[in-house]
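Asks: A single structure is presented below for examination.
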Amino acid sequence: MLDERERLGLLWIDAHMDAHTFRTSPSRARHGMPLACLLGHGDPRLTRIGGPKPKLLPQDVCLIGVRSYECGEAALLDKLGVRIYFMAEIHRRGRAAVFAEAWEQVTRESAAAGISLDLDTLDPEEEPGVGSPVAGGLRRNELAASLRQLHGETRLRALEVVEYNPHADRDFVAARAIHDLCRSVIG
Ligand SMILES: [Mn+2]
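See below:
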């Protein structure tokens, strides 16, 4: 079990859950497994990277923007009690309320937290150059506004942006969007 000083929170912003194990994944694709691994579930060759303990506790993790998933991974997160904000809830309650509540959850008991941002969270109309586009996502300016809410937040220690595909990008439009999104938090 992780002690308090070791605990890190994670805001997982993604159209997908990425919470499969080899037992549940139809495709067995490793890129659908990182969140399960971070929570200590899956193949030990993956879960033990960086040491034998789980890297994250379920109560320190929130998913935001999910709208495409399979039942095996949903069942794992449900069993663990990980809070998931599906797009439907974001539309119903408002983006600002959801982000504020999720950030409060991931920092409630942890020393610090990070954000993993998958660009496929964004609506493919605005962000077509991702590996697994799913309709019905967040608008770029909405996401930027949410990240701006965290500007100056000292417990935010890391931000990763994943799924940028330079081959699908035209005239650096998506690259500039990523730059702007990062600047809205750390600029
Ligand atoms: Mn994704």
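Start counting the sequence shown at 164; every next residue gets the next number (the numbering used here). Think of the CB as a built atom: it goes at the ideal place given N, C-alpha and C, for glycine as much as any other residue.
Measuring straight from C-alpha to C-alpha, what distance separates GLU115 and ASP166?
Replies: No answer is possible for residue 115: the residues shown for the chain start at 164 and end at 350.
Asks: Could you tell me which whole alpha helix (DSSP H) segments of length 4 or greater appear in the stretch 172-259?
Replies: 197-201, 207-210, 234-243, 250-256
Asks: In whole angstroms, give me the CA-to-CA distance for LEU226 and ILE212.
Replies: Distance between the alpha carbons of LEU226 and ILE212: 22 Å.
Asks: Just curious, the beta strand (DSSP E) that ARG320 is in, first and last residue?
Replies: 319-325
Asks: Can you tell me whether HIS183 sits near ligand 1, meaning its C-beta is under 6 Å from at least one heavy atom of the ligand?
Replies: No, ligand 1 has no heavy atom inside 6 Å of this Cβ.
Asks: Buried or exposed: THR317, going by 16 or more other Cβ atoms within 10 Å of its Cβ?
Replies: exposed
Asks: Between which two residues does the beta strand (DSSP E) harbouring LEU280 extend?
Replies: 275-281
Asks: Output yes or no for whether 7 Å exceeds the beta carbon distance between ARG337 and GLY292.
Replies: It should be pointed out that residue 337 corresponds to Ala in this sequence rather than to Arg. In contact: ALA337 and GLY292 (Cβ atoms closer than 7 Å).
Asks: Looking only at its chain, what residues have a beta carbon closer than 7 Å to the beta carbon of LYS218, apart from the 5 residues adjacent to it on each side?
Replies: LEU201
Asks: Whole angstroms are fine: how far does the CA of PRO207 sit from the CA of SER188?
Replies: 16 Å
Asks: With 16 as the cutoff for other CB atoms within 10 Å, does ASP241 come out buried or exposed?
Replies: exposed
Asks: In the DSSP assignment, what residue or residues form a beta bridge with LEU285?
Replies: LEU301
Asks: Does the beta carbon of ALA260 fall short of 6 Å from some heavy atom of ligand 1?
Replies: No; taking the cut-off as 6 Å, the Cβ of ALA260 has no heavy atom of ligand 1 nearer than that.
Asks: Using the three-state DSSP reduction, which class does VAL261 fall into: helix, strand or coil?
Replies: In this structure, VAL261 counts as helix in the three-state DSSP scheme.
Asks: Among ARG271, GLU267, GLY195, ASP283, which one has its Cα closest to the Cα of THR184?
Replies: GLY195
Asks: Tell me whether ASP343 sits in a helix, a strand or coil according to DSSP, three-state version.
Replies: helix
Asks: Going by CA-CA distance only, name the one from LEU285, GLN222, ARG191 that's closest to ASN304.
Replies: LEU285
Asks: At a cut of 8 Å, does the stretch 244-261 reach the stretch 270-278 through at least three beta carbon pairs?
Replies: no
Asks: At the level of alpha carbons, what is the spacing between PHE262 and SER309?
Replies: 7 Å
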